[in-house]
Structures are given as C-alpha cells and as structure tokens.
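**Student:** Here this note's numbering runs 9 ahead of the position in the sequence shown, where the first position is 1. Virtual Cβ for every residue (Gly too), placed ideally from N, Cα, C. Below is a structure I'd like to ask you about.
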Amino acid sequence: MDAKVVQFSDYVKKRKSTPIRRLLSYFKKLKKSGAFTGRSIAFLIFFVMIACLISGCKAPKGRGDKLLGREVTVGFAQVGHESDWRIASTNSVKQALSEENGIKLDFIDCDNDTDVQIKAVSGFVDKKVDYIVIDPIVSTGWEDVLTKAEEAGIPVIVIDRTIDDSEKYVTWLGSEFTDEGLAAGEWLKNYAAKKGLREINIIEVTGNEGSSAENGRSAGFHKYIEYEAWNIIDSRDGEFTEEGGKRVMDEFCEEYKGEFNVIVAQNDNMAFGIMKSLDEHGISYGVGGDMIIISFDACKNGLKNVLDGNINADFECNPLQGPACLKLIYDLEKQAKIQKETFMSETWYAAEDIVPEITYFNSMGEEVTEPIVVVDKAAVEAAY
Ligand code: GZL
10 MDAKVVQFSD
20 YVKKRKSTPI
30 RRLLSYFKKL
40 KKSGAFTGRS
50 IAFLIFFVMI
60 ACLISGCKAP
70 KGRGDKLLGR
80 EVTVGFAQVG
90 HESDWRIAST
100 NSVKQALSEE
110 NGIKLDFIDC
120 DNDTDVQIKA
130 VSGFVDKKVD
140 YIVIDPIVST
150 GWEDVLTKAE
160 EAGIPVIVID
170 RTIDDSEKYV
180 TWLGSEFTDE
190 GLAAGEWLKN
200 YAAKKGLREI
210 NIIEVTGNEG
220 SSAENGRSAG
230 FHKYIEYEAW
240 NIIDSRDGEF
250 TEEGGKRVMD
260 EFCEEYKGEF
270 NVIVAQNDNM
280 AFGIMKSLDE
290 HGISYGVGGD
300 MIIISFDACK
310 NGLKNVLDGN
320 INADFECNPL
330 QGPACLKLIY
340 DLEKQAKIQK
350 ETFMSETWYA
360 AEDIVPEITY
370 FNSMGEEVTE
380 PIVVVDKAAV
390 EAAY
C-alpha cells in the first residue's frame with residue numbers, strides 16, 4: 010500500500026453549495042424582486058439567525074462536519090512514546106484523525122503499560138465513542154475488552170502491532186513483521202558470502218517481549234539461524250528503547266566480548282544505545298568494523314547511521330498509518346466493504362551495494378525478489 014500522505018478531502022467531492030449560501034442567494038433574489046427593502050431583509054436575516062440559534066442548529070465546526078455529515082469521535086490507545094517510530098506513528102494518526110477531517114480524537118499514550126491500555130479501551134467504550142483505534146502493546150489479553158466494545162456496537166480498528174487472541178475487531182493495518190525478519194536473514198546470508206565471513210556469531214537485542222513486532226522479526230530471522238546453522242550466543246529484551254539497547258549491550262560486552270561479530274537490533278533506537286555501548290567498550294562496528302549491525306524501522310536517524318556506515322542494513326517498518334486509518338473510518342461511515350487486513354509498503358536499506366537484491370520465500374510461502382536500496386542523502390531526507 011502506498012504510504013503517500015493523503016488528505017481526507019481526497020476521498021470526498023467538495024459540496025457545491027451550503028444551506029447558508031442558498032439562504033443568502035434567496036434573500037438577494039427577494040431584494041431584486043423589489044418585494045422587500047434592504048432594511049426589512051436585514052431584519053428577516055436577523056430573525057432567521059435567532060430562530061436557528063434557538064433551534065440549536067450547530068454551525069459545522071470543521072470541514073469534517075460537512076464531509077462526514079456528523080462529527081465522529083475516535084478513541085486511540087497508543088503503545089507509548091518509546092521510539093522515533095512511535096512518535097512518527099502518533100503524529101501521522103493525529104494529523105489524519107483531526108477536527109479538520111471531522112474527527113474528535115481522544116488520544117491516550119499508554120506508556121508501554123498493558124493494564125493502562127486495557128483500561129483506556131474500556132474507558133472509550135464507557136464514553137460511547139464512535140470508533141476505537143488500538144496499537145496493542147502485546148498481542149494477547151484482548152478478548153474481554155473487545156467483547157465489551159462489540160456488545161456496545163463500537164467498531165475497533167487495530168493498527169501496527171496485531172491482536173492474536175481475539176477476532177473482535179473490524180480490520181488491521183500494519184506491517185508483515187515476519188517478512189522483515191526473513192529479509193534481514195536473507196540479506197545477512199548474501200552479505201556474509203560476499204564478504205567471505207566464515208563464522209556468524211549473533212547477539213540479538215529484541216523489542217517488547219510478546220509484541221507482534223518482536224514475535225515476527227524474531228520468527229523470521231531465526232528461520233535463517235536454523236537454515237544456515239548460525240550461532241546465536243544470546244538474545245535479550247531491550248524494550249525498543251535506546252536505554253534498553255545500551256543496557257543489554259553493556260551486559261553482552263561484559264559477558265561475551267570477543268565472541269560475537271553480528272548484532273541484530275529489532276529497532277533503530279535500540280541500535281543507537283548499542284552503538285553507545287560499543288563505543289564505551291572500544292568495539293568497532295558497521296562498514297569496515299568488527300561488528301555487523303542489522304536494525305529495523307529505518308527512521309530518519311537510523312538511515313543517517315546507515316549513510317554514515319555505522320549500521321550495515323536497516324529494514325523499514327512504515328509508521329505513517331494515519332491517512333489509511335482515516336480512509337478506513339470513512340469507509341466504515343459509508344458502510345463500504347473493507348479488508349480485514351491492509352499491509353503497509355516498506356523498503357530494505359543497506360550502507361553498501363554489495364547485495365543489490367534478495368530472493369527469499371516470504372511468510373506467505375511466495376518466492377519474492379526485492380531490492381536492497383543503498384542509502385543516500387535523499388533517502389535520509391525522505392525518511393520519517
Ligand atoms: C513496529 C512497532 C515497533 C517499532 C519500534 O511496528 O510496533 O514499536 O519497530 C516501536 O520502534 O517502538
């Protein structure tokens with residue numbers, strides 16, 4: 010799916026005239042007919058306005074009222090604010106689900122706390138919002154609160170991470186995380202062959218345990234560890250944060266220094282913390298370094314590090330889901346048929362042109378060939 014930023018108005022024809030415009034043109038015709046003087050028409054307009062105010066007719070607040078015919082309230086329970094990816098995701102949704110587009114957004118940052126997130130969703134049901142959007146911190150524990158939403162007749166849209174223990178949501182929009190892990194494995198296999206690396210000894214720093222992003226990236230990459238008989242020395246949870254990446258890499262440097270030559274960071278912010286730790290431990294990394302670093306997300310600062318040769322490869326996960334989420338709400342308002350799943354498009358990046366493309370079997374069992382894009386200044390500029 011193309012992640013270009015689209016405005017809500019792309020989906021609706023602008024109205025040619027409004028009730029107010031029609032009323033004013035009627036008064037102009039009255040004046041022209043000579044039936045009423047200008048002063049009496051002014052009085053007439055005044056009384057119509059008073060009548061309108063008394064009858065409580067609501068002047069539309071934003072364009073959205075006109076576009077949707079009503080103001081739609083949406084509760085959004087976001088994972089937190091742990092990474093550049095997350096900030097970009099929040100901004101994309103807030104920009105799309107805006108008053109301008111006819112949406113009243115009730116946003117809750119759940120700060121990576123699963124209890125807070127369940128309570129937030131339950132609270133949205135109590136508030137009788139029109140729609141609920143969830144980016145689930147973890148993929149389980151959702152049946153009860155989704156049943157409550159279903160019984161209240163409130164459609165739930167899941168974005169980014171998946172819910173794996175309940176079907177009580179209308180649609181999911183996000184990335185195929187397993188493919189990200191598989192693509193990283195296939196890239197490393199080709200890169201190691203081209204570099205003549207005999208030994209692959211891996212340290213893995215994962216994201217939030219139990220999140221579908223962590224589950225998918227681990228499942229995909231570990232297929233290659235198995236196929237290629239690579240050696241994985243250890244794997245620990247860095248919670249998708251820079252501090253978490255630094256903490257885990259400090260531990261690994263103490264426990265395994267000299268035993269590993271590949272580091273897999275399941276997002277860029279952990280890679281930033283990992284690089285800080287390697288610097289402190291005097292360990293070189295990236296292009297020409299002792300450590301190969303593979304990362305995920307491909308945020309702007311991540312791609313800057315690829316361009317600078319600090320990160321060898323970065324597998325994009327696209328956070329710009331706001332416009333597509335707005336489109337889903339628009340379609341639901343129109344009772345249009347919607348897909349149960351919508352996938353974002355993503356790009357695979359590298360610092361060097363040693364592996365121009367990769368061919369592998371994706372999570373659907375299809376053999377795919379995908380380009381590896383060498384990062385340049387333009388790619389960094391265009392990144393989220
Ligand atoms: C992936 C998303 C992950 C990102 C991290 O879709 O849920 O969470 O990879 C973010 O940067 O914290």
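(1) Out of curiosity, what's the CA-to-CA distance linking residue 152 and residue 293?
(2) Per DSSP, which one or two residues make a beta bridge with residue 197?
(3) Would you mind giving the Cβ-Cβ distance between residue 315 and residue 273, rounded to the nearest angstrom? I have them listed as a contact below 8 angstroms.
(4) Determine the contact status of residue 406 and residue 323, defining contact as a CB-CB distance below 8 angstroms.
(5) Any heavy atom of ligand 1 within a distance shorter than 7 angstroms of the CB on residue 276?
(6) Helix, strand or coil for residue 115, going by three-state DSSP, please let me know.
(7) Using a Cβ-Cβ cut-off of 6 angstroms (strictly less than) and excluding sequence neighbours within five positions of residue 369, which residues of its own chain qualify?
(8) State whether the region 242–251 contacts the region 278–285, with contact taken as three or more CB pairs (one from each stretch) at a distance under 8 angstroms.
(9) For residue 306, which residues from the same chain have a beta carbon less than 6 angstroms from its beta carbon, with the 5 sequence-adjacent residues on both sides left out?
(10) Can the beta-carbon of residue 348 be found less than 8 angstroms from the beta-carbon of residue 180?
(11) Who pairs with residue 258 in a beta bridge, going by DSSP?
(12) From residue 158 to residue 339, what does the alpha carbon distance come to, in whole angstroms?
(13) Report the option in 172, 261, 188 whose CA atom is closest to the CA atom of residue 376.
(14) Where does residue 99 land, buried or exposed, given buried means 16+ other C-beta within 10 angstroms?
(15) Should residue 295 be labelled buried (16 or more other beta-carbon atoms within 10 Å of its own) or exposed?
(16) Return yes when at least one heavy atom of ligand 1 lies under 7 angstroms from the C-beta of residue 281, else no.
(17) Helix, strand or coil for residue 357, going by three-state DSSP, please let me know.
(18) Following a CB-centred definition, is residue 183 positioned closer than 7 angstroms to any heavy atom of ligand 1?
(19) Looking only at its chain, what residues have a beta carbon closer than 6 angstroms to the beta carbon of residue 113, apart from the 5 residues adjacent to it on each side?
(20) Would the region 168–175 count as touching the region 197–205 if we require 3 or more Cβ pairs under 8 angstroms?
(21) Can you tell which of 337, 150, 164 has the C-alpha that lies nearest to the C-alpha of residue 219?
(22) Run the CB neighbour count on residue 385, radius 10 Å, all protein chains shown included, and call it buried at 16 or more, exposed below.
(23) Could you pull out every unbroken beta strand (DSSP E) segment of at least 3 residues lying fully inside the region 261–321, listed in chain order?
(24) Say yes only if the C-beta of residue 94 is nearer than 7 angstroms to one or more non-hydrogen atoms of ligand 1, and no if none qualify.
(25) Determine whether the beta carbon atoms of residue 134 and residue 163 lie at a separation below 8 angstroms.
(26) Taking only the alpha-carbon atoms, compute the straight-line gap between residue 286 and residue 261 and give it to the nearest angstrom.
(27) How about residue 211 and residue 269: are their beta carbons less than 8 angstroms apart?
(28) Identify whether residue 122 lies in helix, strand or coil by the three-state DSSP scheme.
(29) In chain order, what residues of the same chain have a beta carbon less than 7 angstroms from the beta carbon of residue 64, not counting five sequence neighbours either side?
(30) Between residue 350 and the rest of its own chain, which residues show a CB-CB distance below 8 angstroms, the 5 nearest in sequence each way excluded?
(31) What distance in whole Å lies between the Cβ atoms of residue 146 and residue 126, which are believed to be in contact at a cut-off of 8 angstroms?
(32) Do you know how far the Cα of residue 330 is from the Cα of residue 84?
(33) When DSSP labels each residue in this structure, what does residue 186 get in the three-state scheme?
(34) So which of 129, 291, 230 has the shortest CA-CA distance to residue 266?
(35) Measuring straight from C-alpha to C-alpha, what distance separates residue 289 and residue 87?
**Tutor:** In short, the structure shows the following:
(1) 47 angstroms
(2) Partner(s): none; residue 197 has no beta bridge.
(3) Wrong, their Cβ atoms sit about 15 angstroms apart, outside the cutoff.
(4) What is shown of the chain runs 10 to 393, which leaves residue 406 out entirely.
(5) yes
(6) strand
(7) 191, 195
(8) yes
(9) 94, 276, 277, 326
(10) yes
(11) Note: residue 258 sits in no beta bridge, so no partner.
(12) 19 angstroms
(13) 188
(14) buried
(15) buried
(16) no
(17) strand
(18) yes
(19) 80, 82
(20) no
(21) 150
(22) exposed
(23) 271–274, 301–306
(24) yes
(25) yes
(26) 10 angstroms
(27) yes
(28) coil
(29) Any reading at residue 64 must be qualified, since the residue scores a pLDDT of 43, below 50, and its modelled position is unreliable; the value itself is stated next. If we look at residue 64 and ignore the five residues flanking it on each side, it has no Cβ neighbours.
(30) 180, 181, 182
(31) 5 angstroms
(32) 16 angstroms
(33) helix
(34) 291
(35) 34 angstroms
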